[in-house]
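Enquirer: Per my numbering, the sequence shown runs over residues -16 to 94. A virtual CB, placed ideally from N, CA and C, is assigned to each residue, including glycine. Quick caveat, the model's predicted, so the values are computed rather than measured.
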Amino acid sequence: MEGTKIVAGELAAAFGPVLTDSGFTLIGLFVQPARIVLAQNLTDQTLIYSFDGSMNNFLLPPNGFLLLDVGTNKGTYNTAVMSQGDGLYVKSFPGTTPTLGYAYMSYWYAT
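(1) Please list the terminal residues of the continuous beta strand (DSSP E) segment that includes Q23.
(2) Identify, in the order they occur along the chain, each residue of the same chain with its Cβ nearer than 6 Å to the Cβ of L9, setting aside the five sequence neighbours on each side.
(3) According to DSSP, what are the bridge partners of A(-5)?
(4) If the criterion is Cβ atoms closer than 8 Å, does the pair T80 and Q28 meet it?
(5) How many angstroms separate the CA atom of G78 from the CA atom of L2?
(6) Do you know how far the Cα of R18 is from the Cα of V(-10)?
(7) Compute the Euclidean distance between the alpha carbons of F7 and N39, then round it to the nearest angstrom.
(8) For V64, name the three-state secondary structure that DSSP assigns.
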C-alpha cells in the first residue's frame, strides 16, 4: 500500500512595522490545497488574522502561534483542506503597531 507524501509549501512573511490596523495585509497564498497550516506572530504586538482579508478570524499574542491540522479527519470521500488560491491575511490590533519581527505563514500539502 502506498502512502501519501506531505510536502512543505513556500514560507511567507509580512514585516511587522508595515502592518497597520486600517486593513489586512496578505501574508501568502496557498499554492496547493493545504492540509496543515501554521500561523506565527513573531512581532512585539498582538495581531489579527483573516482567511478572506475582511473578517477577523483569530488573534495571536506576541510570539504566539496557531497550528491547524485540517486534513486529519478524513471523510469517506474527501479530506478537508484550505483551498488552493486562498490566503492568510494579517493586521495589527487596534491602537498598536509592531516595531519589530514578522508574521509568518507555513503550510503543508499532500502529493
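Expert: Per the coordinate set shown:
(1) 19 to 26
(2) G70, Y72
(3) M88
(4) yes
(5) 12 Å
(6) 10 Å
(7) 9 Å
(8) coil
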